[in-house]
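>
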Amino acid sequence: MRKKNSRAFDRLIETAVQAQKRSYSPYSRYPVGAAVLTASGRVFAGCNVENASYGLSMCAERSAIYHCVAGGHDAIRAVCVVGAAAKPCGACRQVMFEFSDKDTELYIVDLNPTTGRRTVVKTTVYKLLPMAFDPLASGLLPANPRNLLKRKPRRDR
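Each step along the sequence shown adds one to the number in numbering that gives the first Met the number 0, with nothing skipped, and position 4 is 3.
#1: Give every residue of the same chain whose Cβ lies closer than 6 Å to the Cβ of R131, excluding the five residues on either side of it in the sequence, and list them in chain order.
#2: CA-CA distance, C46 and R61?
#3: Quick check: the Cα distance between E164 and Y26, rounded to an integer number of angstroms?
#4: For C46, which of helix, strand or coil comes out of DSSP?
#5: Here's a check: name, in chain order, each residue in its chain whose Cβ is nearer than 6 Å to the Cβ of A59, leaving out the five neighbours to either side.
#6: Where does K121 sit, in a helix, a strand or coil, going by DSSP?
#7: Rounding to the nearest angstrom, what Cα-Cα distance links A69 and V16 in this structure?
#8: Can you tell me whether D109 is helix, strand or coil according to DSSP?
#9: With H, G and I counted as helix, E and B as strand and the rest as coil, what does DSSP make of M95?
#10: Assuming R117 and V108 form a contact by the criterion Cβ under 8 Å, report the distance between their Cβ atoms to the nearest whole angstrom.
#11: Suppose you measure from the CA of T122 to the CA of T113; what does that come to, to the nearest Å?
#12: Around the Cβ of R41, are there at least 16 other Cβ atoms within 10 angstroms (buried) or fewer (exposed)?
#13: Going straight from the alpha carbon of D83 to that of S22, what length do you get?
#14: Please return the same chain residues whose Cβ sits closer than 7 Å to the Cβ of L147, not counting the five positions on each side in sequence.
The structure is reproduced here in structure tokens:
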């Protein structure tokens, strides 16, 4: 089982690396790639796409998640972000939280553009966004929303 999971996470990271190569980032010159692994084992990619009207730009993480949801999936098992010292922004952290449970893994891959060296930090979406706005806890969602029904109760409450 561990070997199968290892292959899935290697595929997740490689998908994010390839997505980074498709980034459209002429303004910041800061390409970022992302990928999400669904509970069913599908992997969806995303990259940052910039616009001259900066507010219309889209981060790689949200691009991958929205692609995943558009593909009919909304239970995320893992997320990977690739870039030079990449860290998900606050908006991306909140969107990741929406489709995650307490065990959703997050791989942050620092890909050095000069050497090609990869440094991988593994954490969870929940740890990345302490005190997140939780639509379940706030009563905004019914007791049976699609993915969030599967969310395990947090122990730190």
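The C-beta atom is built at its ideal place from N, Cα and C for all residues, glycine as well.
Computed from a prediction, not measured in an experiment: that's the story for all the values here.
Taking the coordinates as given:
#1: In the sequence shown, the residue the question calls residue 131 occupies position 132. For clarity, residue 131 is Ala in the given sequence; the question names Arg instead. Here the set comprises F96.
#2: Position 47 of the sequence shown, counted from the first residue, corresponds to residue 46. Position 62 of the sequence shown, counted from the first residue, corresponds to residue 61. Between the alpha carbons of C46 and R61 lies a gap of roughly 9 Å.
#3: Nothing in the structure corresponds to residue 164, since the chain is present only between 0 and 156.
#4: In the sequence shown, the residue the question calls residue 46 occupies position 47. Secondary structure of C46 (DSSP, three-state): strand.
#5: The residue you call residue 59 lines up with position 60 of the sequence shown. Contacts found: V31, G32, A33, G45, C46 and N47.
#6: Mapped onto the sequence shown, residue 121 falls at position 122. K121 carries a strand assignment under DSSP once its states are collapsed to helix, strand and coil.
#7: To locate residue 69, count along the sequence shown from 1; it is residue 70. To locate residue 16, count along the sequence shown from 1; it is residue 17. Note on geometry: alpha-carbon atoms of A69 and V16 lie some 21 Å from one another.
#8: Within the sequence shown, the letter at position 110 stands for residue 109. It is a strand residue.
#9: What you label residue 95 is simply residue 96 of the sequence shown in a count that begins at 1. In this structure, M95 counts as helix in the three-state DSSP scheme.
#10: Here residue 117 refers to the residue found at position 118 when the sequence shown is read from its first residue. Here residue 108 refers to the residue found at position 109 when the sequence shown is read from its first residue. About 6 Å separates the two Cβ atoms, so the contact holds.
#11: As a first step, residue 122 must be located in the sequence shown, where it is residue number 123. As a first step, residue 113 must be located in the sequence shown, where it is residue number 114. Answer to the nearest angstrom: the Cα atoms are 25 Å apart.
#12: The sequence position of residue 41 within the sequence shown is 42, counting from 1. By the 10 Å Cβ count, R41 comes out exposed.
#13: For the purposes of this step, residue 83 is taken as residue 84 along the sequence shown, with counting starting at 1. For the purposes of this step, residue 22 is taken as residue 23 along the sequence shown, with counting starting at 1. Correcting the residue type first, residue 83 is Ala in the shown sequence and not Asp. Computed Cα separation, rounded: 13 Å.
#14: Position 148 of the sequence shown holds residue 147. At L147 the pLDDT is 49, less than 50, meaning the model places this residue with poor confidence; the figure from the coordinates comes in the next sentence. Cβ neighbours of L147 within its own chain (closer than 7 Å, five residues either side excluded): L135 and L140.
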